[in-house]
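Those letters in the sequence shown? Residues -24 to -1, 1 to 618, per mature numbering (1 follows the signal peptide of the UniProt record, and there is no 0), in order. Think of the CB as a built atom: it goes at the ideal place given N, C-alpha and C, for glycine as much as any other residue. Below is one structure, written out as structure tokens, with a few remarks after it.
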Amino acid sequence: MAASQKLYLALFHVLLLSLFPLKAKSSARAQAEALLQWKSTLSFSPPPLSSWSRSNLNNLCEWTAVSCSSTSRTVSQINLRSLNITGTLAHFNFTPFTDLTRFDIQSNNVNGAIPSAIGSLSKLTHLDLSVNLFEGSIPVEISQLTELQYLSLYSNNLNGIIPFQLANLPKVRHLDLGSNYLENPDWSNFSMPSLEYLSFFLNELTAEFPHFITNCRNLTFLDLSLNKFTGQIPELVYTNLGKLEALNLYNNLFQGPLSSNISKLSNLKNISLQNNLLSGQIPESIGSISGLQIVELFSNSFQGNIPSSIGQLKHLEKIDLRMNALNSTIPPELGLCTNLTYLALADNQLSGELPLSLSNLSKIADMGLSENSLSEVGNLTMLQILDFNTNQLHGELPQTISNIASLTSINLFGNNLSGSIPSDFGKYMPSLAIPAELGNLSMLFMLNLSNNHLTGEVPQSLTSLKGLESLDFSDNKLTGNISKELGSYEKLSSLDLSRNNLAGEIPFELGNLNSLRLSSFDFSYNELTGPLPSGRVFKNASARSFAGNSGLCGEGGGLSQCPTTDSSKSKDNKKFLIGVIVPVCGLLVIATIFAVLLCFRKTKLLDEEAKIANNELSARTQAYLAEPLNSITISKLRSFQK
């Protein structure tokens, strides 16, 4: 009996082994059928999915976007990223995909709800549904995917409360729920210590900094930006999250000072805390974070000095401290940050001169120092954008600007500049073009020298500034005429020459700019004379644009009519005579033609009557000739002929 049982058991095992290939084949076929069924429901199926066909049913592992396990020969990965698929997942049958480890449909047009059945993919490690049109809430069933390591639902239309059950995913390292409409869960139920990447960017989250984050000691990336978080940044953020490389908390309501323990974030490369309510001093210890590349602290309430320790940040590329209450000089140590390409210190209370050491910043392209109390520009040869408006620059335009060969935008309004523009401005700028005194600044698209004491004429060599979009020379002491070459600027949209001593007429070329882009202009309070150009640009101009020019006249712009001259009267008389003579002559011509037609008609009628009479004579003559020739007939014929 025991021997027979062993024999039956062996036969049973053989039978099972023989069924394994059939099972695999059957499972693969079920998966293929499921994919075809889903494809048939799509509103748009992209060409790459042409391999998904019933004629190709037995080659599932060769289908586009499908990968199979080398052992089971069933689907292990589905990667449909960026194929422009349009439809829903409502008819996707997840049940046959028991070995699926990766499901990626990022960057498509999939809408509707995320099906709760997705929680049946028990072996799934990577789930990416980002950049689609999913709506509704996050299904709690996702928390059943206990093998999940990567979860991204970024950039959808998901709403509702974040399920606290997501904390049941112990292996998740990457969690991105950013750019949705999600609301606060009970953060006390959250614990995800394996997280390395966490983003709640751009949602509807409120309350204080989520405490569970301070225990995520493996975090390298944290983004809570564009929410409504309040309170202070917890001290544990600085002390526990030492592996952070990026800290993005901008556009929230965080307040209070930055801790000096910020130096413990020793791996930090990017810190973005702008647009909050942070206050106090910027800690000197920030200079010990040697790998920092980007520092964005603008639009807060930081006070005091710019830390001189920033000079130790050899890898720093961008520093933005705008719109604070910093009230020191610019530390010369900043000139040691030789990799800087962007420096923004505008709208503070900085004073003094620009340190000469900043001339070492050979890579800097954009420098914004407006609305401070600085008194010197310095020597910065690689600048493309120079914004020094509303400071205390005085005297002539600094000679050092002549060496800036890459300028595309200059903004110096609201200073105390006086005198003339340097004659060698643009000497080293072969690719740029402005007035003769300013050089050849062909790349320039904006020039603003308003509210200074500049003298002399508006330069005539502006013709090469084909890319100029904005020109502002207002509130100076410029003289001479307005160059007609301004009418050749096809991209000019803003022109302000107001409050100078400009004379002569406004060139008619300005009134007919082909581009019609000149939407903002001001010629007020000069000494301009003559008629306003009648072109399309000034047709509906405001009176304020020409106020204070007593010699201007013409239609539009609230101006008085131009006086009538003798020559204009003569022209008017000619117009009157032409207006009378032409109609009269026209009537005479018409009457003559009519008379000729009447005469022609009468002549024609007479001819027709004569023709009828001749016909009658001929008929009667022939009738007489047909009669016998006798005396009576002859007498009749003679009497008829008489």
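Problem - Meets three-Cβ-pair contact criterion under 8 Å: the stretch 170 to 188 and the stretch 139 to 154 - result: yes
Practice task
Within 10 angstroms of the Cβ of Gly154, are there 16 or more other Cβ atoms? Answer buried if so, exposed if not.
Solution key: For the purposes of this step, residue 154 is identified with residue 178 of the sequence shown, where counting begins at 1. Looking at its Cβ environment, which holds 16 or more other Cβ atoms inside 10 Å, Gly154 is buried.
Problem - Nearest-angstrom Cα separation, counted from Leu124 out to Gln141 - result: Numbered from its first residue, the sequence shown carries residue 141 at position 165. Numbered from its first residue, the sequence shown carries residue 124 at position 148. If you take the alpha carbons of Gln141 and Leu124, they lie about 13 Å apart.
Practice task
Please name the residue in Thr50, Glu466 and Leu253 whose C-alpha comes closest to that of Gly207.
Solution key: Along the sequence shown, one-based indexing puts residue 207 at 231. Gly207 has its Cα closest to that of Leu253, out of Thr50, Glu466 and Leu253.
Practice task
Please go through the same chain and pick out, in chain order, the residues whose beta-carbon is closer than 6 Å to the beta-carbon of Gly530, but skip the five residues on each side of it.
Solution key: Stepping through the sequence shown from its first residue, residue 530 is reached at position 554. Contacts found: Pro507, Leu508 and Cys538.
Practice task
Identify whether Thr40 lies in helix, strand or coil by the three-state DSSP scheme.
Solution key: Your numbering for residue 40 matches position 64 in the sequence shown. If DSSP states are grouped into helix, strand and coil, Thr40 belongs with coil.
Practice task
Out of Asp448, Ser469 and Phe484, point me to the one whose CA is closest to Glu461's CA.
Solution key: Mapped onto the sequence shown, residue 461 falls at position 485. Ranking the options by Cα distance to Glu461, first place goes to Phe484.
Practice task
Taking 8 Å as the cut-off, decide whether the C-beta atoms of Asn216 and Thr190 are in contact.
Solution key: For the purposes of this step, residue 216 is taken as the residue at position 240 of the sequence shown. For the purposes of this step, residue 190 is taken as the residue at position 214 of the sequence shown. Yes, Cβ-Cβ distance for Asn216 and Thr190 is below 8 Å.
Practice task
Determine the extent of the alpha helix (DSSP H) in which Asn216 is found, giving its start and end residues.
Solution key: Reading the sequence shown from its first residue, position 240 is the one you call residue 216. Counting along the chain, the alpha helix (DSSP H) containing Asn216 begins and ends at Glu211 to Asn216.
Handout entry: Residues sharing a beta bridge with Lys294, DSSP
Key = Stepping through the sequence shown from its first residue, residue 294 is reached at position 318. Paired residues: Ile270 and Tyr318.
Practice task
Just the C-alpha distance for Asp296 and Ala320, rounded to the nearest angstrom, thanks.
Solution key: Reading the sequence shown from its first residue, position 320 is the one you call residue 296. Reading the sequence shown from its first residue, position 344 is the one you call residue 320. In a straight line, the C-alpha of Asp296 is about 5 Å away from that of Ala320.
Exercise for the section: Compare the C-alpha of Asn502 against each of Arg520, Phe514 and Arg475 and name the closest. Expected result: Taking the sequence shown and counting its residues from 1, the one referred to as residue 502 is at position 526. Comparing Cα-Cα distances from Asn502 to each of Arg520, Phe514 and Arg475, the minimum goes to Arg475.
Practice task
Return the CA-CA distance between Ser491 and Ser440, expressed in angstroms with no decimal places.
Solution key: Numbered from its first residue, the sequence shown carries residue 491 at position 515. Numbered from its first residue, the sequence shown carries residue 440 at position 464. With a pLDDT of only 45 at Ser491, under the threshold of 50, the placement of this residue in the model should not be trusted, and no figure is reported.
Exercise for the section: Go ahead and label Ala41 buried or exposed: buried means 16 or more other beta carbons lie within 10 angstroms of its beta carbon, across all protein chains shown. Expected result: Position 65 of the sequence shown holds residue 41. When all chains shown are included, Ala41 counts as buried.
Practice task
Mark Asn365 as exposed unless 16 or more other C-beta atoms lie within 10 angstroms of its C-beta, in which case mark it buried.
Solution key: In the sequence shown, residue 365 corresponds to position 389, counting from 1. Buried, by the Cβ-count rule.
Problem - Backbone CA spacing between Asn348 and Phe449 [nearest angstrom] - result: Start at 1 with the first residue of the sequence shown, and residue 348 comes out as number 372. Start at 1 with the first residue of the sequence shown, and residue 449 comes out as number 473. Distance between the alpha carbons of Asn348 and Phe449: 21 Å.
Practice task
Using 10 angstroms around the beta-carbon of Ile137, count the other beta-carbons present and answer buried if the total reaches 16, otherwise exposed.
Solution key: Here residue 137 refers to the residue found at position 161 of the sequence shown. Label assigned to Ile137: exposed.
Exercise for the section: Could you spell out the range, first to last residue, of the beta strand (DSSP E) harbouring Cys529? Expected result: Numbered from 1 along the sequence shown, position 553 holds the residue referred to as residue 529. Cys529 -> beta strand (DSSP E) spans Gly527 to Cys529.
Handout entry: Contacting residues, own chain, Cβ-Cβ under 6 Å from Ile258 (five flanking each side not counted)
Key = For the purposes of this step, residue 258 is taken as the residue at position 282 of the sequence shown. Answer for Ile258: Phe278 and Pro283, listed in chain order.
Handout entry: Endpoints, beta strand (DSSP E) assigned at Tyr126
Key = Numbered from its first residue, the sequence shown carries residue 126 at position 150. Where Tyr126 is concerned, the enclosing beta strand (DSSP E) stretches over Tyr126 to Ser128.
Practice task
Count the other C-beta atoms from every protein chain shown that fall within 10 angstroms of the C-beta of Ser46, then say buried if there are 16 or more, exposed otherwise.
Solution key: Counting from one through the sequence shown, the residue named residue 46 turns up at place 70. When all chains shown are included, Ser46 counts as exposed.
Practice task
Whole angstroms is fine: what's the gap from Asp104's alpha carbon to Tyr126's?
Solution key: Here residue 104 is taken as the residue at index 128 of the sequence shown, counted from 1. Here residue 126 is taken as the residue at index 150 of the sequence shown, counted from 1. Each residue's alpha carbon lies about 8 Å from the other.
Exercise for the section: Indicate whether Asn457 and Leu430 have their beta-carbon atoms separated by less than 8 Å. Expected result: Translated into positions along the sequence shown, residue 457 becomes position 481. Translated into positions along the sequence shown, residue 430 becomes position 454. Their beta carbons are not under 8 Å apart, which means Asn457 does not touch Leu430 by this criterion.
Practice task
For my contact list, Phe205 and Glu184 are in at a C-beta cut-off of 8 Å; report their separation, rounded to the angstrom.
Solution key: Position 229 of the sequence shown, counted from the first residue, corresponds to residue 205. Position 208 of the sequence shown, counted from the first residue, corresponds to residue 184. Indeed they touch by this definition, with Cβ atoms about 7 Å apart.
Handout entry: Option nearest Ser496 by Cα separation, candidates Ser469, Leu289 and Glu329
Key = As a first step, residue 496 must be located in the sequence shown, where it is residue number 520. Out of Ser469, Leu289 and Glu329, Ser469 has the C-alpha closest to the C-alpha of Ser496.
Practice task
Could you give the DSSP three-state label for Thr568: helix, strand or coil?
Solution key: One-based indexing of the sequence shown puts residue 568 at position 592. Looking at Thr568 - three-state DSSP - the assignment turns out to be helix.
Problem - Short Cβ contact (8 Å threshold) for Leu330 with Leu302 - result: The residue given as residue 330 occupies position 354 in the sequence shown. The residue given as residue 302 occupies position 326 in the sequence shown. No. Outside cutoff.
Practice task
Assign Ser48 to one of three DSSP states: helix, strand, or coil.
Solution key: Sequence index remark: in the sequence shown, residue 48 carries index 72 (1-based). Looking at Ser48 - three-state DSSP - the assignment turns out to be coil, as it is neither helix nor strand.
Practice task
Could you check which residue in Asn243, Leu473 and Tyr226 has the C-alpha nearest to that of Leu202?
Solution key: As a first step, residue 202 must be located in the sequence shown, where it is residue number 226. Checked all of Asn243, Leu473 and Tyr226; the closest Cα to Leu202 is Tyr226.
Problem - Extent of the continuous beta strand (DSSP E) run through Arg30 - result: On the sequence shown, residue 30 is found 54 positions in, with the first residue counted as 1. Where Arg30 is concerned, there is no enclosing beta strand (DSSP E), given that its DSSP letter is neither H nor E.
Problem - Euclidean distance between Cα positions of Tyr130 and Leu444 - result: Sequence index remark: in the sequence shown, residue 130 carries index 154 (1-based). Sequence index remark: in the sequence shown, residue 444 carries index 468 (1-based). Using only the alpha carbons, I get a separation of about 41 Å.
Exercise for the section: Compute the distance between the beta-carbons of Phe68 and Leu97, then report whether it is under 8 Å. Expected result: Working through the sequence shown from its first residue, we reach residue 68 at position 92. Working through the sequence shown from its first residue, we reach residue 97 at position 121. Going by C-beta atoms, Phe68 is not nearer than 8 Å to Leu97.
Practice task
Within the same chain, show all residues whose beta-carbon is closer than 8 Å to that of Ser536, passing over the 5 residues directly before and after it, in chain order.
Solution key: Working through the sequence shown from its first residue, we reach residue 536 at position 560. Answer for Ser536: Cys529, listed in chain order.
Exercise for the section: Report buried or exposed for Glu272, applying the criterion of at least 16 other Cβ atoms within 10 angstroms of its Cβ. Expected result: Position 296 of the sequence shown, counted from the first residue, corresponds to residue 272. Glu272 is buried by the Cβ-count criterion.
Practice task
Give the straight-line distance between the Cα atoms of Ser242 and Ser48, rounded to the nearest whole angstrom.
Solution key: The residue labelled residue 242 in the question sits at position 266 within the sequence shown. The residue labelled residue 48 in the question sits at position 72 within the sequence shown. Whole-angstrom Cα-Cα distance: 46 Å.
Handout entry: Spatially closest choice to Asn281 from Pro308, Leu289, Lys294 and Ala93, by CA coordinates
Key = Locating residue 281 in the sequence shown gives position 305, where the first residue counts as 1. Nearest of Pro308, Leu289, Lys294 and Ala93 to Asn281, Cα basis: Pro308.
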